[in-house]
Each structure stands twice: as structure tokens, then as C-alpha cells.
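Residue numbers (my numbering): 14 to 565.
Ideal Cβ positions, reconstructed from N, Cα and C, are used throughout, including at glycine.
This is the structure in C-alpha cells:
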């Protein structure tokens, strides 16, 4: 990093030779993403910084300091704890428990068969039912999942992508049964299929029909669910796969650009839907870089929406985001250390201005979190909110020489990635060429090499190692739950009106082959208790299935 004459003069006068040598060891003193850190930061490091333009007040373009003028002084962030168990009944018990403990929003984890559109009795679902989340086959499962939870009174986030419109249709169907006013229904559907091709792999259909389903949700919610966040454009999974902070920003915003362009190309006015876009980022343990990352992402997105898409509504330019602390940083060795890691990551998210937050539990390196562990994770958020003082003022680190310098550096590096993706032809073309995948793989490899070489310290793993007993009392999935789920599905299929199911699925095939919005026919299907596997079976016949991209 370049230094001005004044700063150089200070270093010459003040630092002894040993400190001067340490100040030059850029390979050791750097952020988690590899940005070299100076020994000290001063006003000279912001000589090109336009305070009037960049360091605007909170709630003002380009929203570097926050999307709301008062942020947490008006209302603290939504506290969500992501959860899904081997059955809808068990998941419902956990949700009601968390609400009793002071959680302010629900976050639903679905099992793998649900994510990729297979019923629990499908051969490919064998061994996976209820393993990483709740299994959902029909509307009856959703009714059980939210039993005694009034949907009109909670904000629900559903982490689902390829089958997002089907799960949203089920949620809406239940809300209607409860008599809820859909115009006041509050929540988020992840609905971010592009990052599946990059980092997760639960895509079902080729990109173009997948993008169609995404924009169908945009259009439907604009008219019927105006408060619903229609997409949560996710950098979290990109970071969990091994990306740097700058890559997380760039690849996430590149996907966002692709979604906005797809919606505009489909005939939607940008200001009619962009205000309901939301984002989802990871929060790592490198506290100051993470704070700068969130600030840089907000500023960059505001400029993209204003300059590239000519958005006029201020809400269209605001990057609102949910944060989850980083699962990949949790260690099975000395697992109580994870409580400290999560606290630091939660603090970074709050200092960076998140709108909602999930804190991971200390035992997640072993299994689905226990009730005690998830309570500790929730209490971590509550302590940050009500005891730390960091929520009492907006952007408390704004103006820090280091934080402002890191914000600039991350924005610049993210722009370089975005320019490269634009040159390739956009996010989808870059995904098809394996660009993002290769960049993430290389970053992940460098990080792992650093850990193995001892250059990157992980307490309890490669430094300060001590004998530590494992965890005995962990949640284990009972295989009997999968059998019960299959029995429930068989009963629903026997008791429902199968003539109506066949009629609704035939209508879905007709709509999928044309250009009508699919959401209304999804609603017809789920209200007839058609299963997620039956619905996706129709879409697989019409759209085809995605073949994995080869990355070299």
C-alpha cells in the first residue's frame, strides 16, 4: 500500500529497525482475503477519498453507512435461527421454542430431496430424508411445520432455490387457510439459483427456465405479496465454498445484475421489483475486513442500480441483507472456541449494518444444533444488541482510516471481478465457462495451504492444540423418521382428490410450455396436495435437467 511523505517521515522517526521490518512483512500482516495491511493508517491513506460523496450520512445514497437513517436505534435487526429437523413436527417444536426465547423471525432449512425436487419415497432420496433439514412433500407437511404459528405475525425466511416457487406457493396456501392478509405477509424466499451452479449444486433445470421461475416470483409478488422479499441473492454459500471477501461481493452482485436484467428483459420496470430484492452474506472472523465488506457491497450495488439500470426509486438502490456467521470456521477441535468465533462474526455483521442475522451454534461441526447450543447462539445476538452498545449509533466505525481504506480496497477489487465477468458476457456466461468456480477453488486451495503450513492460525487446530473430549450428547437422525415421512406421503396421496391433482398437473405442463406466469398454477397444484416430486416431474419433462458444468 502506498504511503505519503508524511507517513513515511513518521515511520522513519518513530519505528525502530525491528518494527520497520515487521511493517514490511506484507505476507504475514494481511486480511483473510490477502489485502496487505500497513502498520498504521492515517489521513494520508485517504488522500483520494471524497468525503462529501463517499461518506454520506446513513440512509443516503450510496448507502455506505447504512440503508436507514437511524438503523438499530429505531429497531434492532431481525434475529433468526436457521433450523430444520427430521420431521415437520420436530421442526415446529424448535420454531415455537425459539420464538419463546425471543427470536424475532423464522428461518427454515429443508432436506436435500426437497431442495432438488424429489419426494421422500423416491429412490434417489434414500438415506437423505430429514438429514440436513425438514422434509416437505406436500402442503400437509407445511401445515404441520407451522402449526400454532400465525404466519401474519412472523417473518419467515425459506432457504430454498430450485423448488422455491413451489415452497412459496405452499406457504401462501397455508396463509390463506389461516385467513392472513397476503398484502401484509412478511418474509424472504432465497430463490437464488445461479449460486447453485457456482457453489452448491442443488440446481435442477437449465439456467434459462430457472431464471424464468425466478422472475415469475418477482412478478407475482409485486401484485400479490408486496412486502415479500422475492429473492435473497446469496454470497454466503460462495464464501463457504472458499471465496475471498472481494469475490463474495463481486460474484453475488454479478448474479444480482443477471436477475435484474432478466426481469427487465421480461418486461418489468426496475423500480417495480428492485425494492424487494435482498441479499445474504457470510460474516467471517476477520472483523474489520468484514465490516468493510458490507459497506463496500452497499455502495457498489447502489451505483450499479443507479448507473447501469437507471433506477429512480431510492429503495431500488438499497442493498438490504441477511447475514449468517461462517459455518466453515467452526471446528470440531475445542468446540467451545466456536462460541467466541461466532460472537466476533456477529459483531462484524452488526457493525456492518445487517438487517437480520443468524448466529451458528457451537456444536454445528458435529451435528444439528442442540437446544442448549442454539439458545447460546441466540443469546449471543441479544448480548450484542442490548449490552455491547454497538447498536446505539449508526456505522460506529465510519471514518476509521483503516475501515475506510479497506472499504475502498474491497470495492476496487470487486469492480475488477465484475469487469471481468462483464467481458465474458455476464454471470451466466461466466458460470458456463467455470470462471467463478475456478476462482473460488483457487482461493480455497490457497487458504488450506496456509493453514497446513501454519501461516494461517486456527486456534486448537494448528496452534494451541490440546486434548479435548468430543461431544457425546448430539442430535442424531432416527432412521425411523424417514419411514414415517414416507407413510405420511402415501396416506396423503391416498386421501386426496387424485382427479384434481391430475388436472392441476396437466395445467402446469401447459403453462410451463408457454409463457404464462407459473405461480398461479403452482398454487393450484399444492392446494390439491400434489407433491413436490410430482410437480418437479412435470417441470423436468418440459424444461429438462441441468448437466453439470465441467471446470478445468
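- Per DSSP, the beta-bridge partners of residue 295 are 337.
- For the segment 172-236, the continuous alpha helix (DSSP H) assignments of 4+ residues that do not extend past its boundaries occur at 177-191, in sequence order.
- Note: residue 170 is bridge-paired with 120 and 201 in the DSSP secondary-structure output.
- Each residue's CA atom was taken as its position, placing residue 467 and residue 45 some 14 Å apart.
- Residue environment analysis places residue 377 among the buried positions, since at least 16 neighbouring C-beta atoms fall within 10 angstroms of its C-beta.
- Its chain contains 46 and 456 as the residues whose beta carbon lies nearer than 6 Å to that of residue 257, once the 5 sequence neighbours on both sides are disregarded; these appear in chain order.
- In the DSSP annotation of this structure, residue 285 is not part of any beta strand (DSSP E); the continuous alpha helix (DSSP H) holding it starts and ends at 283-286.
- In this structure residue 252 is in contact with residue 297, their Cβ atoms being roughly 7 Å apart against a cut-off of 8 Å.
- For residue 92, the three-state secondary structure derived from DSSP is strand.
- Exclusion of the five residues before and after residue 250 leaves 208, 212 and 213 as the residues of its chain whose Cβ lies within less than 7 Å of its Cβ.
- The continuous beta strand (DSSP E) containing residue 371 extends over residues 369-371.
- In the DSSP secondary-structure assignment, residue 242 is bridged to 201.
- With respect to the 9 Å criterion, residue 184 and residue 155 are classified as neighbours on the basis of their beta carbons.
- Here residue 286 is buried, its C-beta having at least 16 other C-beta atoms within 10 Å.
- Annotation: the continuous alpha helix (DSSP H) that includes residue 314 extends over 300-316.
- Look at the beta carbons and you see the segment 96-104 not touching the segment 512-524: under three pairs across the two are nearer than 8 Å.
- The segment 304-314 makes contact with the segment 416-431, as at least three CB pairs between them are under 8 Å.
- Bounds of the alpha helix (DSSP H) holding residue 154 are 152-158.
- Counting C-beta atoms within 10 angstroms of its own C-beta, residue 87 has fewer than 16 neighbours from the protein chains shown and is therefore classed as exposed.
- Under the DSSP definition of a beta bridge, residue 147 partners with 123.
- Rounded to whole angstroms, the separation of the alpha carbons of residue 58 and residue 97 is 47 Å.
- In the displayed model, residue 446 falls within coil according to three-state DSSP, outside both helix and strand.
- The beta carbons of residue 544 and residue 132 sit closer together than 9 Å.
- Under the three-state reduction of DSSP output, residue 476 falls in the strand class.
- For the pair residue 222 and residue 210, the CB atoms are not nearer than the 9 Å cut-off.
- Residue 479 is positioned such that its CB atom lies no closer than 9 Å to that of residue 395.
- The three-state secondary structure of residue 290, taken from DSSP, is strand.
- Only residues of its own chain outside the window of five on either side were considered, and among them 130, 217 and 218 have a CB closer than 8 Å to the CB of residue 553, listed in chain order.
- Residue 55 places its beta carbon less than 9 Å from that of residue 20.
- Only exposed fits residue 492, as fewer than 16 other CB atoms lie within 10 angstroms of its CB.
- In the three-state reduction of the DSSP assignment, residue 395 falls in the helix class, which pools H, G and I.
- Secondary structure of residue 515 (DSSP, three-state): helix.
- For residue 49, the secondary structure class from DSSP, reduced to helix, strand or coil, is strand.
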